[in-house]
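First the structure, in the form of structure tokens, and then the observations on it.
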Amino acid sequence: MDFRLSDEQRQFADSLRRWVEKDYTFENRKKIIYSDTGVSESAYKTLVELGCLALAVPEDSGGLGGSSVDVMIVMKELGRGLVVEPYFATVLGAQFLRQTGGSPLLEDVASGQLKLACAINEKGAGHELFNITTSALAAGDDFVITGEKTVVIHGGQADGYIVTARSSGDQRDKSGISLFYVPASAPGVSTRKYRTFDGQRAADVVFAQVKVPKSGLLGTVGQAWETVDSVADYGVTLLCSEAVGAMEIANSLTLEYLKTRKQFDVPIGTFQVLQHRMADMLIHLEQARSITTLAVVKVETAGAEERRKCVSAAKVRVGQAMKFIGQQAVQMHGGMGMTNEMSISHYFKRLTAIEMTLGSTDHHLSRFIAQPGFATV
Amino acid sequence: MDLEYKEEEIRFREEVRKFLRENIPAELSERTRKRQHPTKEGTVRWHKILAEKGWIAPGWPVEYGGTGWTQMERHIWSEEYARAYAPGTASFGLGLLAPVLLGFASEEQKRKFLPRIYNAEDWWCQGYSEPGAGSDLAGLRMRADREGEYYIVNGQKTWTTLGQHADWIFCLVRTNSEGSKQTGISFLLIDMKTPGITVRPIHLLDEYPEVNDVFFDNVKVPAENLIGEENKGWTYAKYLLGHERTGIANIGGSKREIKVLKELAKKSQLNGKSLLQDPIFSAKVANVEIELMALEMTALSLVADGAAKKIGPEASILKVKGTEISQAITELLLEAGGPIGLAFDTDYIDGHSDHAVTGDDQAATLASNYFNLRKITIFGGSNEIQRNVISKLVLGL
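Protein sequences appear in the order of chains B and W. Take the first sequence: its letters are residues 1 to 377, numbered as in the numbering used here. Take the second sequence: its letters are residues 378 to 774, numbered as in the numbering used here.
Listed below in structure tokens is the structure:
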């Protein structure tokens, strides 16, 4: 057993951190999040140059074939800097392509030519990714997709979508789900773009009788659920890693504030009630970090049930940590924590957004309990 | 990053599991499993079995009888130990006194005391806390005044765990009242048979006389029983902090108890289903299990390849979380047991009868278990003190 990163991994993390700290400052980020597109082409280009995208692509598709641990490193650094570029969306999309047998599209992901978004949420479905009304009907060699997806992260900035659609069965059936790749430019695709509260972008994507050729089908018709479930788990580990990075900074900003902000003529960090709160924030972070490591390793190495158990455990524990750290960081910053000009409030917002993405704490607690192993003792 | 156990570690686990299965006297593991109070005889008997095997003091240097196990092997050992319901040992000498002797005692003192600790020929107890010195331990006042070749000791120690069994007590005593309160403290070994010592049991809320007041009235202690230098005792006592790496987290014990909890909850009924199928109860169980999964990773990271040689404030995190988890399980066990847990049968709990008065042996000890384990967030540096430690040493507040 060895929890250390390799020298290469550490150097990579360092170079990414240097770029984030130097170029992706809070002020620069502010310009990006209030710009028209909400993303920065040059920042994305840097991520490509640093190899962040290639890490998520296998070597035989022109990537670096990184492990889940490698991608965790990227997400953690992006979390520290609250980077809002469409990295998570693209890497998650790439994972769909990888798990359905690979695709020539992956080369374009690695080279930065293709940004992806995952159209997997529907209105009224909550966190149930199998709850799908969007239909995919076979029409000769083609498929016709009709329906609407909601809160597609970076759906307005993507070149193509990974889409879950129903080929057969009822709305909540796990069988009958198919996966497709649909270019954003395909006739019949339209988007309604909007901001999310954490400074990122999302869109509702409408598929109006969109014709998809057979080559756009990923995997087998009607049998995509296991892939969706597994890729979503991969996505959860990315988000947990990002959250660990964001919580590291939320904690250090709060600690710094405790040491410098004076009231009653002394730094407020001399008050024991705040010291203990800060100690609890540290403990939350350590627990979140530990369980994230477990999930990141298991998502790639474990069988399905063990994977679900560890990933859901991580989203639960990280969720609890995010809520405690986010809320208490704002509380201890006092009125300043309530302002949009302090970065701490942006960390709080991002942590809250992660809680709402790919399954809430309670969703995953319930999934953890539902695993057969929970009651088999 | 590699989270797999090595092949030799897996083999080691099998070896210790086999040894424990074959060597724990059945009546002793049964007593542990039933949560009945241990006896001194049983504890010493098991202690001697481990001593004979050479596994009683894994943490000691090999030349004094240590096992030479890696930190990971020690972690595996403690996990298997709990899993097998192995009884306790005469642990105060082994775990709390011996490291101080090894670090600061003279060769003669080591030769005199360590083998007797190893073989449980002496039962040691700890004399640190006083009525006026708990979390603020350095405020202790029990005096040891030098008179020729002796110290004359006057004062009181309290919360002395299993002091009623003890042959010896290791004490922090005040040898100097000048200067800061930390500077005048010395580390002194006292034979419990010395005239002037009175032991008075304290019954805890579960009616178990687990701890004692120990009174010292003009007790004459040979000066050769001083460890290290006079007035340096505080340094020696502090040396112990963080000495235990992951044992304090009780990972193995909590894993075992979650299993027990789930088994009990499966047998208990609520609304026509098993309690484990109840969404509210199962959520509580799951939350504890997840917390334990996270803590296990934290603990493993401290014993894995490349872990820091010296453990720092991580010990405080392990203590806080480990004890919170253990307590949460005792609470859920009591809840899962239901109203029959109200019955309080000290004959059974003390092991004087084989079965509880209600006929439900398992439920009979859930309350005493719950009440007794409230101590773990109080002793060994209360969890509030641990937060002070984190706040000072990690956060710099």
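Just so you know, even glycine gets a beta-carbon here, dropped at the ideal spot from N, CA and C.
Legend entry - Proximity below 8 Å, CB of Y725/W to CB of A744/W: Contact: no.
Inset, instruction - Return the Cβ separation of F368/B and K309/B in integer angstroms, given the expectation that the two are a contact with Cβ distance under 8 Å. - result: Yes, they are in contact, since the Cβ atoms of F368/B and K309/B sit about 6 Å apart, within 8 Å.
Legend entry - Three-state class that DSSP yields for K650/W in the structure shown: Note: K650/W maps to strand in three-state DSSP.
Legend entry - Through-space distance from G62/B to Y392/B, alpha-carbon basis: Any answer about residue 392/B is impossible in this case: the structure gives chain B only from 1 up to 377.
Inset, instruction - Would you decide whether K298/B is buried or exposed? Buried here means 16 or more other CB atoms lie within 10 Å of its CB. - result: Looking at its Cβ environment, which holds 16 or more other Cβ atoms inside 10 Å, K298/B is buried.
Legend entry - Option in I32/B, L16/B, K30/B with minimal Cα separation from L53/B: Of the candidates I32/B, L16/B, K30/B, the residue whose Cα lies closest to the Cα of L53/B is L16/B.
Legend entry - Boundaries of the alpha helix (DSSP H) in which Y725/W is found, first to last residue: Here the alpha helix (DSSP H) through Y725/W covers 723–726.
Inset, instruction - With DSSP as the reference, label S230/B as helix, strand or coil. - result: Helix, per DSSP.
Inset, instruction - Please compile the residues from chain W whose C-beta is within a distance smaller than 8 Å of the C-beta of Q275/B. - result: Ordered by position in chain W, the residues that pass the 8 Å Cβ test against Q275/B are R764, N765, S768, L772, L774.
Inset, instruction - Taking C-beta pairs closer than 7 Å, name the residues in chain W that E204/B reaches, listed in chain order. - result: Contrary to the premise, residue 204/B reads as Asp rather than Glu in this sequence. Those do not exist, as D204/B stays about 33 Å from chain W at its closest Cβ, beyond 7 Å.
Inset, instruction - Report all residues from its chain with a CB closer than 7 Å to the CB of W432/W; omit the five preceding and five following residues, and keep chain order. - result: So the qualifying residues of the chain are T444.
Inset, instruction - Compare the beta carbon distance of R460/W and G629/W with 8 Å and say whether it is the shorter of the two. - result: In this structure, G629/W lies closer than 8 Å to R460/W by Cβ.
Legend entry - 3 or more residues per run - each beta strand (DSSP E) lying fully within the segment 474–513 of chain W: Listed in chain order, they are 501–504.
Inset, instruction - Give a yes or no on whether the minimum CB-CB distance between G269/B and chain W is below 8 Å. - result: It does: the Cβ of G269/B has a partner Cβ on chain W nearer than 8 Å.
Legend entry - S345/B versus G359/B, M247/B, F12/B, residue with shortest Cα-Cα distance: Nearest neighbour of S345/B by Cα position, chosen from G359/B, M247/B, F12/B, turns out to be M247/B.
Legend entry - Run of the alpha helix (DSSP H) containing G373/B, from where it starts to where it stops: Where G373/B is concerned, the enclosing alpha helix (DSSP H) stretches over 372–375.
Legend entry - Contact under 8 Å by Cβ, S118/B with F96/B: The sequence given here has Cys at residue 118/B, not Ser. F96/B is positioned such that its CB atom lies closer than 8 Å to that of C118/B.
Legend entry - As assigned by DSSP and simplified to three states, the class of F180/B: Of the three classes helix, strand and coil, the one that applies to F180/B here is strand, per DSSP.
Inset, instruction - Measure the Cβ-Cβ separation of T150/B and T134/B and say whether it is below 8 Å. - result: No, the Cβ-Cβ distance between T150/B and T134/B is not below 8 Å.
Legend entry - Extent of the continuous beta strand (DSSP E) run through D594/W: Taken as a continuous stretch (DSSP letters only), the beta strand (DSSP E) holding D594/W covers 588–599.
Legend entry - Proximal residues, the segment 212–234 of chain B versus chain W, C-beta separation under 9 Å: Under the 9 Å Cβ criterion, the segment 212–234 of chain B contributes no residue.
Inset, instruction - May I have the straight-line CA-CA distance separating A203/B from G436/W, to the nearest angstrom? - result: Each residue's alpha carbon lies about 59 Å from the other.
Legend entry - Pair within 8 Å by beta-carbon distance, E524/W and S563/W: No, they are not a contact pair.
Inset, instruction - Give a yes or no on whether 8 Å exceeds the smallest Cβ distance from I291/B to chain W. - result: Taking Cβ atoms only, chain W reaches closer than 8 Å to I291/B, which makes this a yes.
Legend entry - Other residues of its chain near H414/W: CB distance less than 7 Å, five sequence neighbours each side excluded: Leaving aside the five residues that flank H414/W on each side, the residues in its chain whose CB is nearer than 7 Å to its CB run, in chain order, Y585, I726, D727, G728.
Legend entry - Per DSSP, the bridge partner or partners of S563/W: According to DSSP, residue pairing for S563/W in a beta bridge involves V550/W.
Inset, instruction - Pull up the distance between the alpha-carbon of S693/W and that of G93/B, whole angstroms please. - result: When rounded, the distance between both Cα atoms is 41 Å.
Legend entry - Beta-carbon proximity of A186/B to V210/B, cut-off 8 Å: Yes. Within cutoff.
Inset, instruction - Could you pull the start and end residues of the beta strand (DSSP E) that N531/W belongs to? - result: In the DSSP annotation of this structure, the continuous segment of the beta strand (DSSP E) that includes N531/W starts and ends at 527–534.
Inset, instruction - Report the option in D568/W, Y382/W, G532/W, R390/W whose CA atom is closest to the CA atom of E507/W. - result: Out of D568/W, Y382/W, G532/W, R390/W, G532/W has the C-alpha closest to the C-alpha of E507/W.
Legend entry - With 16 other Cβ atoms within 10 Å as the buried cut-off, status of V152/B: Classification for V152/B: buried.
Inset, instruction - Report back the beta-carbon spacing between K632/W and L677/W to the nearest angstrom; my notes put them in contact at under 8 Å. - result: Actually they are not in contact, since the Cβ atoms of K632/W and L677/W sit about 13 Å apart, beyond 8 Å.
Legend entry - chain W contact for L294/B (CB, 8 Å cutoff): Yes - at least one Cβ of chain W is within 8 Å of the one on L294/B.
Inset, instruction - Anything in chain B within Cβ reach of I688/W, meaning under 9 Å, just list it in chain order. - result: The premise fails here: I688/W is roughly 14 Å from chain B at the closest Cβ pair, so nothing lies under 9 Å.
Legend entry - Minimum Cβ-Cβ distance from A94/B to chain W less than 8 Å: Chain W has no Cβ within less than 8 Å of the Cβ of A94/B.
Legend entry - D513/W: contacting residues in chain B (beta-carbon distance under 9 Å): Here the premise fails: no neighbours, minimum Cβ distance about 14 Å.
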